[in-house]
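Numbering-wise, the sequence shown is residues 1 to 214 according to full-length UniProt numbering. The beta carbon of each residue, even a glycine, is placed where N, CA and C say it ideally should be.
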Amino acid sequence: MSATFTELQPEQLIGIQPNSDNTSANGDEEGGWLQVYKWCLNNPPALRKRLYGSGLFTTSPAYSALVLHLDGDLCGKAELHAVSQEVNPENFDLQQASGRGAYLRAVLQNWLQAEDDENLIFSLAIEAIETWLLAGLDTQREYPENAQNPEAILLPLYQHLQGKRAQKKQKKLQKNEKTYQKLSHEAAKNTAHIAASCPHFAKLCQQLQPFLSL
1 MSATFTELQP EQLIGIQPNS DNTSANGDEE GGWLQVYKWC LNNPPALRKR LYGSGLFTTS
61 PAYSALVLHL DGDLCGKAEL HAVSQEVNPE NFDLQQASGR GAYLRAVLQN WLQAEDDENL
121 IFSLAIEAIE TWLLAGLDTQ REYPENAQNP EAILLPLYQH LQGKRAQKKQ KKLQKNEKTY
181 QKLSHEAAKN TAHIAASCPH FAKLCQQLQP FLSL
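So, in structure tokens, the structure goes:
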């Protein structure tokens, strides 16, 4: 995010979701949407409001906004539907990117017991955040949000960025901070194209803009 919004400094981006590790009961999944779900349940509206301005405790940072991220490929998961039964997926056109985004937004609002809160920002990547990177790295690609297995497409692009340091035998894109920083800093050179190609990214940019001068 700091690569795209250069007004933001690293110390202004504070992760509040614990990272997964090898001890996580459900592997990568436990470090992703399930932790978003648990955070929402553990932070009802009254508690969230105390995070803004002064922080929850005297040693806690004060937050200007909270960004919650989900990937669109969750829409087909039975596990997601099981913890979101109040939101009927049949009421949304999940064959369309707009429908998947609307469904995930409704799911988050349900988890959050959402009241009107302009400090809550939903980051909904269709189908995954890798498609946003792909849009910025391969500007000739049409409809990057429809890319199948974007991580596999990103691998040769990442190896090209690495140059002589690239590991030619690498078969999968490593999901670590160093790799994604390299990709995002390069993709951020084409932020306008990403926004034009990925409507949900454009919506995220629009929602974040008022907070960039804080």
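Through-space distance from residue j to residue i, alpha-carbon basis
i	j	result
Glu118	Tyr63	13 Å
His200	Ile126	7 Å
Gln181	Leu41	30 Å
Ala192	Trp39	32 Å
Lys175	Gln162	15 Å
Arg48	Arg165	44 Å
Phe184	Leu13	Checking the sequence, you will find Ser at residue 184 rather than Phe. The straight-line gap from Cα to Cα measures roughly 15 Å.
Asn43	Ser123	18 Å
Arg50	Gln207	21 Å
Asp116	Glu177	33 Å
Asn113	Tyr52	For the record, residue 113 in the displayed sequence is Gln; it is not Asn. Straight-line Cα distance between these residues: approximately 17 Å.
Thr179	Glu151	12 Å
Gln209	Ala196	16 Å
Cys92	Lys169	Going by the sequence as given, residue 92 is Phe instead of Cys. So the two alpha carbons sit approximately 42 Å from each other.
Asn74	Ala147	Note that residue 74 is Leu in the sequence shown, not Asn. Leu74 and Ala147: Cα-Cα distance of roughly 16 Å.
Lys171	Gly76	26 Å
Gln159	Pro61	38 Å
Selection from the options that minimises the alpha carbon distance to residue i
i	options	result
Glu142	Thr191, Gln209, Cys198 and Gln96	Cys198
Lys189	Glu151, Gln170 and Thr139	Thr139
Val36	Ile16, Glu186 and Ala202	Ile16
Cys205	Trp111, Arg100 and Ile121	Ile121
Trp33	Ser84, Glu115 and Tyr52	Ser84
Asn149	Pro61, Gln159, Leu173 and Lys169	Leu173
Glu145	Lys171, Gln159, Cys75 and Ile194	Ile194
residue 290	Leu51, Pro45 and Cys75	Because the chain here runs from 1 to 214, residue 290 falls outside it and cannot be looked at.
Nearest-angstrom Cβ-Cβ length linking residue i and residue j, presumed shorter than 8 Å
i	j	result
Ala97	Phe211	The pair is not a contact, with the Cβ atoms about 25 Å apart (cut-off 8 Å).
Arg100	Leu94	5 Å
Ala187	Gly136	3 Å
contact_flag[the stretch 74-84, the stretch 130-149] where n(CB pairs < 8 Å) is 3 or more: These segments do not touch.
Cβ contact check for the stretch 85-94 and the stretch 153-162: 3 or more pairs under 8 Å: Between the stretch 85-94 and the stretch 153-162, the count of C-beta pairs closer than 8 Å stays below three; the two stretches do not touch.
Does the pairing of the stretch 99-109 with the stretch 65-72 give three or more beta-carbon distances under 8 Å? Contact holds: three or more Cβ-Cβ distances are below 8 Å.
Pick out the complete alpha helix (DSSP H) segments inside the stretch 34-83, 4 residues or longer, and give them in chain order. Whole alpha helix (DSSP H) segments, 4+ residues: 45-49 and 78-82.
Quick one: which unbroken alpha helix (DSSP H) runs of 4-plus residues sit fully inside the stretch 128-161? Chain order, please. 129-137, all fully within the stretch 128-161.
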